[in-house]
Each structure stands twice: as structure tokens, then as C-alpha cells.
Amino acid sequence: DSGVTQTPKHLITATGQRVTLRCSPRSGDLSVYWYQQSLDQGLQFLIQYYNGEERAKGNILERFSAQQFPDLHSELNLSSLELGDSALYFCASSVDVRGTEAFFGQGTRLTVV
Amino acid sequence: GQNIDQPTEMTATEGAIVQINCTYQTSGFNGLFWYQQHAGEAPTFLSYNVLDGLEEKGRFSSFLSRSKGYSYLLLKELQMKDSASYLCAVSGGFSGGYNKLIFGAGTRLAVHP
Numbered sequence: 001d002s003g004v005t006q007t008p009k010h011l012i013t014a015t016g017q018r019v020t021l022r023c024s025p026r027s028g029d030l031s032v033y034w035y036q037q038s039l040d041q042g043l044q045f046l047i048q049y050y051n052g053e054e055r056a057k058g059n060i061l062e063r064f065s066a067q068q069f070p071d072l073h074s075e076l077n078l079s080s081l082e083l084g085d086s087a088l089y090f091c092a093s094s095v096d097v098r099g100t101e102a103f104f105g106q107g108t109r110l111t112v113v
Numbered sequence: 114g115q116n117i118d119q120p121t122e123m124t125a126t127e128g129a130i131v132q133i134n135c136t137y138q139t140s141g142f143n144g145l146f147w148y149q150q151h152a153g154e155a156p157t158f159l160s161y162n163v164l165d166g167l168e169e170k171g172r173f174s175s176f177l178s179r180s181k182g183y184s185y186l187l188l189k190e191l192q193m194k195d196s197a198s199y200l201c202a203v204s205g206g207f208s209g210g211y212n213k214l215i216f217g218a219g220t221r222l223a224v225h226p
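So the sequence lines, in the order shown, correspond to chains A and B.
Per the working numbering: the first sequence = residues 1 to 113.
Per the working numbering: the second sequence = residues 114 to 226.
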């Protein structure tokens, strides 16, 4: 158990809908990362937060947004969902933003039908 | 886009040694990580290099040359359970922002009896 909790584990929804994925980082970790992993693909970096502030952005679609709350948990919001958004979404946390090991949650498997 | 390259697939025999290479380009560097990922599961941390040289950890070793933008992961005494994807990740500056933790596409290793 990495100490990073993601909910829900599985999510099935229809095209055009909006979903929210939740991540609770390890105790003491201030940095949260979100990644998307499509079938047989690598981890695509979406966005990173540190202590409530956005610190780095990857190829995140405008339909996607995220935030980190004062209690350090983070949410990834996906809207106007398309079939191609079906993927595993991983959250990872680390102590800070520079060169420290990131621990991954078990992921949320999103299926858009 | 991402500037981390590693081979897509490798095969090896149980009991043998395999070396997985990774090359990267960044404008800043805070460390290089290797993760193992079994299909459908979360990546798990294997090793971290921030200075040049070899880090040994049981059957796994990782090497870094910052001047060459090069790393490798060495797996000894291969076991069937080592069949997985091995992800090279770099913490540092990439186009569009700094302090990102970016992953390569992964090397799928198949260990045969």
C-alpha cells in the first residue's frame, strides 16, 4: 500500500458527461501529480500541484481541470467526456516538487461509453 | 513533447541479466527514477539517481550519466515475476515548464523460462 488513495476505482459514464476523480496523498506529501494512461500507452503527465498551487502543466485538455484543497487532497474534473478519454488515471504524491520519489495510487479506470 | 527515450520491448531468459537503457533531454535536472509497472497496476518505485554513477539495490541497479543524458536499469538473476513494464522518469525542466515529473513510454520486458 503506497498510502495514496484514489476514488473511485472504476467509473463508467456516457459521452458528454462530467466526472470527478479524487486523490488523497500520503500523509506529509505536499505535491500531487495527475497522469493519464491509455491502453498500452505510457503515463502522460497532466498536471502537478504543490501545497494548493498549480506548479506544472502537461498536455492537459481544456475540458479537464484540477485543484488541490487546503487539506491537500486533489480532484481531477473531466467534462464533455469523449470515448477517447477512457483510460487509467493515476494520482501520485511526493514530499516536494524537486527530485523526490513519487508514490502512486491504484488509479481510477474510467470507461466512457 | 516528452524527451525521454527507451526501447519499446525486450525479452530475456530466466536467470539472465538484462539492461534497459534510457536517454533524456531536459533544461534542468532534479533526478532520474525507474519504476516497475505490471499491466493494469500502479507503478512502483525501483530506484533514484541524482548524481553520476551506479546505485545498487539487491537484484536491481541503476546507472546515471548526466553529461550524456543517459541512464540504464540493470536487472540480475531474472525471475518470471520481473515480466513487466519498466518506466524511466525524469524530474526537471521540460518545454513548457519546470519541475515536471515526466515518464518515458516504458519498456515492456518479457522473461521466458
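A virtual CB, placed ideally from N, CA and C, is assigned to each residue, including glycine.
query, result
"What's the gap between the Cα of A:S24 and the Cα of A:E53?", "16 angstroms"
"Ignore the nearest five residues each way along the sequence and tell me which others in A:V97's own chain have a CB closer than 6 angstroms to its CB.", "S31, Y50, R55"
"With distances taken from CA atoms, which of A:T111, A:Q44, A:A87, A:Y89 is nearest B:A202?", "A:Q44"
"Along the beta strand (DSSP E) that carries A:I47, what are the first and last residues, could you check?", "44-50"
"Which of the three DSSP states is assigned to A:L83 in this structure?", "helix"
"Kindly list, in the order they appear in chain A, the residues whose Cβ is closer than 7 angstroms to that of B:I215.", "F45"
"Quick one: Cα of A:W34 to Cα of A:F90, how far?", "6 angstroms"
"For A:V32, return the contacting residues in chain B, with the cut-off set at a CB-CB distance below 9 angstroms.", "Result: empty, since nearest Cβ-Cβ is about 11 angstroms, beyond 9 angstroms."
"Please list the partners that A:A87 has in chain B, where partner means a Cβ-to-Cβ separation under 8 angstroms.", "By Cβ distance, chain B contributes nothing, its closest Cβ being about 12 angstroms from A:A87, past 8 angstroms."
"Taking 9 angstroms as the cut-off, decide whether the C-beta atoms of A:N59 and A:L46 are in contact.", "yes"
"What does the Cβ neighbour count give for B:D130, buried or exposed, with the cut at 16 atoms within 10 Å?", "Before going on, a small fix: residue 130 of chain B reads as Ile here, not Asp. B:I130 is exposed by the Cβ-count criterion."
"Between B:K170, B:A152, B:S175, which has its C-alpha nearest B:V163's C-alpha?", "B:S175"
"Which whole-angstrom value is the C-beta distance of A:R26 and A:S93, which I expect to be below 8 angstroms?", "5 angstroms"
"Within 9 angstroms of any Cβ in chain B, is that where the Cβ of A:A66 sits?", "no"
"Residues in the same chain with beta-carbon distance under 6 angstroms from B:H225, minus the five sequence neighbours each way, listed in chain order, please.", "T126"
"Tell me, which residues are paired with B:M123 by DSSP?", "B:L222"
"Please give the ranges of any beta strand (DSSP E) in the segment 137-191 of chain B, keeping only runs that are unbroken, at least 3 residues long and fully inside the region.", "141-150, 157-162, 166-170, 173-178, 183-188"
"Please list, in chain order, the chain A residues whose beta carbon lies closer than 8 angstroms to that of B:Y199.", "Under the 8 angstroms cutoff, chain A gives no residues; its nearest Cβ is about 11 angstroms from B:Y199."
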